[in-house]
Amino acid sequence: MKTDIQIAQEAQMAHIKDVAASIGINEEDLEFYGKYKAKLSNELWEKVKDRPDGKLVLVTAINPTPAGEGKTTTTVGLGQAMAKLNKKALIALREPSLGPCFGIKGGAAGGGYAQVVPMEDLNLHFTGDFHAITSANNLLAALLDNHIQQGNALQIDPRQIVWKRCLDMNDRVLRNIVVGLGNKMDGMVREDHFVITVASEIMAILCLANDLEDLKERLGKIIVAYSFTGEPVTAEQLHATGAMTALLKDAIKPNIIQTLEHTPALVHGGPFANIAHGCNSVQATKMALKLSDITITEAGFGADLGAEKFMDIKCRKAGLKPDAVVLVATVRALKYNGGVAKADLNEENLDALARGIVNLEKHIENLQKYGVPVVVTLNSFVSDTEAEYEYIRKFCEDRGCEFALSKVWEKGGEGGIELAKKVLETLETKTSGYHPLYADELSLKEKIETIAKEIYGARGVIYEPAANKQLAKIEEMGFGNLPICMAKNQYSLSDDAKLLGRPTDFDIHIREVYVSAGAGFVVALTGAIMTMPGLPKVPAADGIDVVDGKITGLF
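Quick note, the sequence shown lines up with residues 1 to 555 if you use the UniProt record's numbering.
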């Protein structure tokens, strides 16, 4: 079969105005970025805001493995399948980060015949949203250091600066740096740090803001540092809010592109789920709900990260109520969780499947805690066997879940008909009783421990002394009612990436906690999680090239 990029490059794309017209968007409400990309105007929201919402379907997955799961592929294929059933459906995805594109993970446009296009544009510069976020983040950092250099009227303690610069690239040497070297005019010498753009609080703010005014208000609340007396210093106090908003005034508008089958897709925002909250923008999701009968969205990595944050942060903050969840797995990934080496995953192995399916079981249990109906789908591979399918089907049905096979990678929308029908049946016959996992009134530690025990299956939580002090300070400042955004590795339910399946008798280790006051949540860093990734020994960038004017090697 052809590679993803070959399939994408051979696709005959429709003009984006025609794609938008299929869901009732007029050309006057589009801001074009060439023929195949556009942003939705602010005026469009005013036209549709009073319409009733459609149904909201979340696509999530088991913990990712080297065997592959295909969450975005399933999301795209399900949207294409809904169109084949003459349903007015719209998918809402996150934008890919450049870092993983050149690192190890690759892009995020789907795969096979279930992709959004133009694939190269989406995975690289797209409409410039990430560049705008990076610029706004680093403008704030520059204004902060300039304020200190120009007399430090706010009495900022250089040892208590918490705002970090950012870059949308995996670059480990920037994690811990020293700035201000040189002479007196080059600024104060101090330790500084970089995070990847998708971990910037500005990314989270953009994705949780309801509109430009909300964005501006949130930006002003960002805590950048603390004074010598321990008082928080905000972006508003640095007079940074207006200029940052100016940089983001277009980035906040949702983007529209198309699938390989010319169905529309809103792609906007891109916080990672392992180090941020992992969901596309509230604006894109709310717009999709007004424009369609069914909105299909996704949350990053496994359900222990993306889905938990979708339910406990995004839905709580935005007033969203999901109607169903699609949980994606593969036979290969479940066998990998059962201890089978990657090279042997093509062989039928029901014993390994029985050992590894406990990872799927835990995610089913977790999702059911939110009161939302669950449909499990298997992303089909040619090496799968009927015996393996039937084992998983019975396992899911015994636990109160619907089950469907998905062949969207191979067949596009046609391969998602079985899944689409199962989702439609679920929406028609089951009522969602969505509720968040924990109450706002719990203490921060109680919220952390609820997630650790209920979602991860941990025995308990161990806090570093610094984390204990940070938690006490955050609650003292009045942020104890905020939800928790756990920063945890994506490969395991635990904070140890090597513990596959369904680990037991482990503790979650909290080493650092900080408040994202503008985004409206508290971040708890577990284990060895990094907010600035590094490149692997052989990065994907090694295989990317331009040949005869065409990009090759991107995946």
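Glycine is no exception: its CB is placed at the ideal position from the N, C-alpha and C atoms.
Only a predicted model underlies this, so the values are computations on that prediction, with no experimental measurement involved.
(message) Does the contact criterion of 3 or more C-beta pairs under 8 angstroms hold for the segment 238-249 versus the segment 388-396?
(response) no
(message) Measuring only the C-alpha atoms, how far is Asp18 from Val382?
(response) 36 angstroms
(request) Alpha carbon to alpha carbon, how far is Glu475 from Val224? Give it in angstroms, no decimals. (result) 17 angstroms
(message) In whole angstroms, give me the CA-to-CA distance for Gly230 and Met477.
(response) 11 angstroms
(message) Starting from Ile545, trace the beta strand (DSSP E) in both directions and tell me its first and last residue.
(response) In the sequence as presented, Ile is not what sits at residue 545; that position holds Asp. Looking at the DSSP string, the run of the beta strand (DSSP E) that includes Asp545 is 545-547.
(request) Tell me, please, whether the segment 371-386 touches the segment 405-419 by the rule of three or more beta-carbon pairs shorter than 8 angstroms. (result) yes
(message) I'd like the span of the alpha helix (DSSP H) that includes Asn349, first residue to last.
(response) Counting along the chain, Asn349 falls outside any alpha helix (DSSP H), and DSSP gives it neither H nor E.
(message) Using the Cβ count rule (16 or more neighbours within 10 Å means buried), how would you classify Ala517?
(response) buried
(request) Could you pull out every residue in the same chain whose Cβ sits closer than 7 angstroms to the Cβ of Ala452, ignoring the five residues on either side in sequence? (result) Ala458, Val461, Ile508
(request) Quick one: measure Cβ to Cβ for Ala284 and Ala92, integer angstroms, because I've assumed they're closer than 8 angstroms. (result) 5 angstroms
(message) Check for me: the beta strand (DSSP E) holding Glu31 runs from which residue to which?
(response) 30-32
(message) In the DSSP assignment, the beta strand (DSSP E) including Glu512 goes from what residue to what residue?
(response) 507-516
(request) Count the other C-beta atoms from every protein chain shown that fall within 10 angstroms of the C-beta of Gly549, then say buried if there are 16 or more, exposed otherwise. (result) exposed
(message) I'd like to know whether the C-beta of Ser443 is nearer than 9 angstroms to at least one C-beta of chain B.
(response) Here chain B cannot be found, since the structure has a single protein chain.
(request) Could you pull out every unbroken alpha helix (DSSP H) segment of at least 4 residues lying fully inside the segment 59-91, listed in chain order? (result) 71-84
(request) Would you tell me roughly how many angstroms separate the C-alpha atoms of Ala387 and Met530, rounded to the nearest one? (result) 40 angstroms
(request) Just tell me which of Ile196, Glu201, Ile148, Asp171 has its CA closest to the CA of Met185. (result) Ile148
(request) Pick helix, strand or coil for Glu236, following the three-state DSSP scheme. (result) coil
(request) Given a cut-off of 9 angstroms, decide if Lys286 and Glu31 are closer than it, judged by their beta-carbon atoms. (result) no
(request) Return yes when the Cβ of Ile256 is within less than 9 angstroms of the Cβ of Lys39, no when it is not. (result) yes
(message) In the DSSP output, which residue or residues are listed as bridge partners for Gln115?
(response) Gly110
(request) Identify, in the order they occur along the chain, each residue of the same chain with its Cβ nearer than 7 angstroms to the Cβ of Glu27, setting aside the five sequence neighbours on each side. (result) Lys17
(message) For Ala8 and Asn146, what's the separation of their Cα atoms in angstroms?
(response) 46 angstroms
(request) Please name the residue or residues paired with Lys550 in a DSSP beta bridge. (result) Val547
(request) Please confirm if the segment 424-433 is in contact with the segment 316-324, defined as three or more CB-CB distances below 8 angstroms between the two stretches. (result) yes
(message) For Leu345 and Ala67, which I take to be in contact (beta-carbon distance under 8 angstroms), what is that distance rounded to the nearest angstrom?
(response) 6 angstroms
(message) Suppose the cutoff is 6 angstroms on Cβ atoms and the five residues either side in sequence are ignored; what does the same chain contact list for Leu266 look like?
(response) Ala92, Pro254, Ile256, Ala284, Ala288
(message) Quick check: Ile133 and Leu167, are their CB atoms within less than 9 angstroms of each other?
(response) no
(message) For Ile296 and Ala329, what's the separation of their Cα atoms in angstroms?
(response) 17 angstroms
(message) Just verifying my parser: in three-state terms, what is the DSSP assignment at Tyr456?
(response) helix
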